[in-house]
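Undergrad:
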Amino acid sequence: MLFDSHAHYNDRKFDGDRFEILDSMGKNGIGYIVNAADSMESIDKILPLCEKYDFMYAAVGVHPEEVGTLCEADIDRLREFSKHKKVCAIGEIGLDYHYDDVPKDVQKYWFDRQLTLAEEVNLPVIIHDREAHEDCLNILKKHDIRRIGGVMHCYSASCEMARDILGIGMYFGFGGTVTFKNAKKVQKAAEVIPLERILLETDCPYLAPEPHRGERNSSLLMHYVAEKLAEIKGVNVEEVEEVTLQNAKRLYGI
Ligand code: NI
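Residue numbering for the sequence shown follows our numbering, starting at 90 and increasing by one per position.
(1) How about E208 and H242: are their beta carbons less than 8 Å apart?
(2) If you reduce the DSSP assignment to three classes, tell me which class N325 lands in.
(3) Is the closest heavy atom of the ligand NI to the C-beta of E181 under 7 Å?
(4) Can you tell me the Cα-Cα spacing of V281 and A297, whole angstroms?
(5) So does the segment 327–338 actually touch the segment 126–139, counting three or more Cβ pairs closer than 8 Å?
(6) Beta carbon of E155, beta carbon of D133: below 8 Å?
(7) Would you check whether the ligand NI has a heavy atom nearer than 7 Å to the C-beta of D292?
(8) Would you grab the beta carbon distance between Y341 and P213 for me? Rounded to a whole angstrom, and I think it's under 8 Å.
(9) Please name the residue or residues paired with F124 in a DSSP beta bridge.
(10) Among the candidates I215, E181 and A221, whose CA atom is the shortest distance from the CA of D194?
(11) Which class does D218 belong to by DSSP, given the choice of helix, strand or coil?
(12) So, does the segment 174–189 touch the segment 304–319, judging by three or more C-beta pairs under 8 Å?
(13) Could you tell me the alpha carbon to alpha carbon distance between Y198 and G157, rounded to whole angstroms?
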């Protein structure tokens with residue numbers, strides 16, 4: 090049984106066949122899915138899906154590219170959402186310096202603010218870090234991540250940074266990128282990080298693994314990621330499935 094620790098089934102790319110594809114998860118070995126929010130509006134689509142599907146859980150939070158218009162009343166709404174029985178994390182939150190639509194100071198403020206909320210409501214965090222590794226780690230270190238738990242989603246930084254993140258007790262999410270032929274850095278990180286700290290994820294509809302790179306992604310393709318990790322780690326795929334399943338259940342308290 091596989092645990093998809095990070096997906097976006099609220100995305101409009103699933104508008105044509107969302108229920109059909111989610112109905113097929115069980116018979117294809119997908120046991121659990123955490124659907125991460127990206128904006129306040131996305132949460133209104135995500136919570137009904139979690140109520141419809143037993144295997145589906147939610148993370149509530151606002152992605153760094155969406156924090157430009159955030160206000161303190163939104164934090165109050167996130168606090169209310171966090172009480173929902175299927176909400177298991179705050180996310181995805183973080184920093185994204187790839188695009189400069191939202192100023193860095195604004196991103197840092199709301200990242201820090203949402204981490205404080207996670208500490209307050211005692212939920213783990215799902216972290217988005219794109220080209221912002223140093224600032225991201227510095228802000229994480231100001232918070233009690235060891236107590237609440239967290240995952241660096243779609244891990245893409247160095248082995249050196251992985252040691253710092255292991256040091257604050259976090260998990261690492263690996264998805265389609267680990268299967269890409271040019272992703273040597275990501276593969277090297279997956280090699281040195283203990284399997285006990287790794288989660289499987291899709292980030293679907295994005296980042297489909299080889300041999301489906303460029304297509305719409307879904308949890309049904311996640312076995313390619315498990316197989317690649319088994320190859321990198323030199324263990325069998327059943328071990329990867331079982332250990333990552335237990336890791337995700339531990340982190341999210343499921
Ligand atoms: Ni995502």
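From the three backbone atoms N, C-alpha and C, an ideal C-beta is built for every residue, glycine too. Here the structure is a predicted model, which means the values were calculated and not measured.
TA: On the basis of the coordinates in this document:
(1) no
(2) coil
(3) yes
(4) 23 Å
(5) no
(6) no
(7) yes
(8) 6 Å
(9) The residue asked about is misnamed: residue 124 is Asn in this sequence, not Phe. DSSP output for N124 lists A96 and A147 as bridge partner(s).
(10) A221
(11) strand
(12) no
(13) 11 Å
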